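Using numbering that gives the first Met the number 0, the first residue of the sequence shown is number 0, and each one after it goes up by one.
See below for the structure under consideration.
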Amino acid sequence: MNRGLLIYIAIALLAVFQASAATISASLGSYDTEIYSQDTVNIPVTITATNITGNIDVTLTPKTGLGCDTCTISESFTGSTNEQKTVTFTLTGTQTGNYNPPFVSISAISGSTQATPITSGSQISVVERPTWTLDLSASDSNIETSTQITLTLEITPTGTFQGVAADLTLPNDWTLVSGSDPRSIGTITGASSYQWTVRSGTSTGTKTVSVGVSATSPVKSSADNTESLSITVASNGSNGGSSDNDEIATQISSSAPNNVITTKNYLNAGITNWPITNADVPFTMLDINMKKAVTNKVNLSVTKLLTADPGIPSFNGKTFAYLEVKTEGLLESDINDVKIKFKVPKQWLTDNNIAQNDIRLYRYVNNAWQELPTTAASSTDDMINFIATSPGFSYFVIAELPKPAPEPIKETAPVGPEDDVQIQDSAGQNKKSTVWIIVALVIVLVIITSYIILKKKKSTP
């Protein structure tokens, strides 16, 4: 055989052998199975090639509702055996729904050599991104210096949040009494609330407290999720509050030390804060919720009474103070309601063995003492501050919530001599009845016998 022909055949056989030995395979890695709408998920694909020199094009075809900016990725291979490289596709969830798998196919090809397409994988669910609502409130928004109040943060989510944390920001001279700050909340799935007890400082004026809330999944930054509220701080004795109109305050201290009279030139619609500046009067603030504006002058008189006013029955229970609130130039029909803030010394509660949760404010109306909704709002070193809501003014009493009366004990009738007497009387009556019957029978018998004898005598000749 021709030597050149042999060489040609050998080269051809070698080429055929090399071509038959070129292989490509593709395998799918793990990925997240749930994402939020418009979020992304990474899909890793590992390519294993043997005797492939040059580029291998890897193409992922996503299902409708998912998108990819780059759907074909090229990787260069050197022709070695079992050479591996990993490419990663980034899919975006453009529509909510379940995608099983999230692609139509994944292919890998180089020239005439290609891998078996991947057509199966784990399901991906695209869900709506949850949101939350935040609300920050205070137990009292009009306080004095060095007063404790409770701050409450309410979080209401529409889904699950992970890595939730809350960061409290207080005015410079305020202090945290209880509750951690920052607070690590963790995972929340439903409505929840968190509280801090804080103490105001010595500076007065309008103060701002705020809470920033963050989460790691879905990501929420505290900078974009901060709730704030304003609290008015007044010096001790003035009891906070603000005036939207001219006010003249006169305290009658010589003839009536337990009375305070104030005048406002007008009242706006909405809430008017009306401070009571007499330390001897337990009422400290009236927040009057007006239905409409009143343009005339309004006089307000608050008097602490030593006892219930004549003609009004005393309250049946432990009482701290009776009070009377009167107005001139203001009708009860002008008012939606009034929040009455009042104080009770801690020592009085201790001396009378009364829990602060058992304190109530009562209003005298329709010839009866009616309980008003009352809550403990804040405290100082020696006072507990309360808030009650009343539909209007009248006589009031600060008192302990009466304890329920014990149920009466049912008594069983005793068995004793009285019953015996009744039995004996009954027996005696029966005995007397029997005697009279016998006497009557004897008399009848005597009469009949006498009649027979008499008749026989008459018939004898």
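Cβ coordinates follow ideal geometry from the N, Cα and C atoms, glycine included.
These numbers were taken from a predicted model, which means no experiment stands behind them.
Hey, which unbroken runs of the alpha helix (DSSP H) at 4 residues or more fall wholly within the segment 205-230? none
Suppose you measure from the CA of aspartate 31 to the CA of serine 227; what does that come to, to the nearest Å? 37 angstroms
Does tryptophan 448 come out as helix, strand or coil in the three-state DSSP assignment? Going by the sequence as given, residue 448 is threonine instead of tryptophan. Note: threonine 448 maps to helix in three-state DSSP.
Does any C-beta atom of chain B lie closer than 7 angstroms to the C-beta of proline 116? Protein chains in the displayed structure number just one, and chain B is not present.
Anyone know if the C-beta pair for proline 61 and leucine 27 falls short of 7 angstroms? no
Excluding sequence positions up to five away, which residues of its chain have a Cβ less than 8 angstroms from the Cβ of glycine 269? Asn288 and Met289
Let me check understanding here. Comparing Cα to Cα, which of Pro390, Asp68, Lys402 and Ser220 lies closest to leucine 330? Pro390
With C-beta atoms as the reference, is aspartate 172 less than 7 angstroms away from glycine 200? yes
Contiguous beta strand (DSSP E) assignments of at least 3 residues, all confined to the segment 324-374: 334-344, 358-364 and 367-371
Can you name, in chain order, every residue of its own chain whose Cβ lies under 6 angstroms from the Cβ of serine 24, other than the five neighbours on each side? Thr47 and Ala114
In whole angstroms, what separates the C-alpha of isoleucine 311 from that of isoleucine 230? 39 angstroms
With a threshold of 16 other CB atoms inside 10 Å of the CB of alanine 214, please say whether the residue is buried or exposed. buried
Does the segment 187-202 touch the segment 147-160, meaning 3 or more C-beta pairs lie closer than 8 angstroms? yes
Rounded to whole angstroms, what is the Cα-Cα separation between glycine 120 and tyrosine 98? 10 angstroms
What residue range is occupied by the uninterrupted beta strand (DSSP E) comprising proline 43? 39-49
Touching by the beta-carbon criterion (3+ pairs, under 8 angstroms), the segment 345-354 and the segment 377-396: yes
Could you tell me the distance, in whole angstroms, from the CA atom of phenylalanine 282 to the CA atom of proline 372? 16 angstroms
Helix, strand or coil at valine 443 [DSSP, three-state]: helix
Output the distance between the C-alpha atoms of proline 100 and threonine 118, rounded to the nearest integer angstrom. 8 angstroms
Could you tell me which residues DSSP pairs with alanine 292 in its beta bridges? Note: alanine 292 sits in no beta bridge, so no partner.
Quick one: what's alanine 190 bridged to in DSSP? Bridge partners of alanine 190: none, in fact.
Would you check if there are 3 or more beta carbon pairs closer than 8 angstroms linking the segment 357-365 to the segment 102-113? no
Tell me phenylalanine 137's beta-bridge partners as DSSP assigns them. Per the sequence shown, the amino acid found at residue 137 is alanine instead of phenylalanine. According to DSSP, alanine 137 bridges with Leu150.
Is threonine 95 near serine 36, with beta carbons less than 7 angstroms apart? yes
What is the DSSP secondary structure of alanine 114, counted as helix, strand or coil? coil
Among the candidates Val364, Asp350 and Ile386, whose CA atom is the shortest distance from the CA of isoleucine 339? Ile386
Taking three-plus beta-carbon pairs below 8 angstroms as touching, is the segment 128-140 in contact with the segment 70-89? no
Out of Val103, Ser104, Thr93 and Thr69, point me to the one whose CA is closest to threonine 87's CA. Thr69
So for alanine 20, helix, strand or coil by DSSP? helix
Pick from Val125, Thr58, Ile142 and Glu82 that is closest to alanine 107, judged by C-alpha positions: Thr58
Taking the continuous beta strand (DSSP E) assigned at glycine 388, which residues delimit it? Reading off the sequence, residue 388 comes out as threonine, not glycine. Segment 382-389, the beta strand (DSSP E) holding threonine 388.
Across which residues does DSSP place tryptophan 173 in a beta bridge pair? DSSP output for tryptophan 173 lists no bridge partner at all.
Take the Cβ of glycine 211 as the centre, count every other Cβ of all protein chains shown within 10 Å, and call the residue buried at 16 or more, exposed below. buried
Just to confirm my understanding: we take threonine 84, look at its own chain, exclude 5 residues before and 5 after, and list those with CB closer than 6 angstroms. What are they? According to the sequence provided, residue 84 is lysine. The question's threonine does not apply to it. Here the set comprises Ile46 and Glu74.
The beta strand (DSSP E) spanning asparagine 267 covers which residue range? Where asparagine 267 is concerned, there is no enclosing beta strand (DSSP E), given that its DSSP letter is neither H nor E.
Serine 332 versus alanine 367: straight-line alpha-carbon distance, rounded: 21 angstroms
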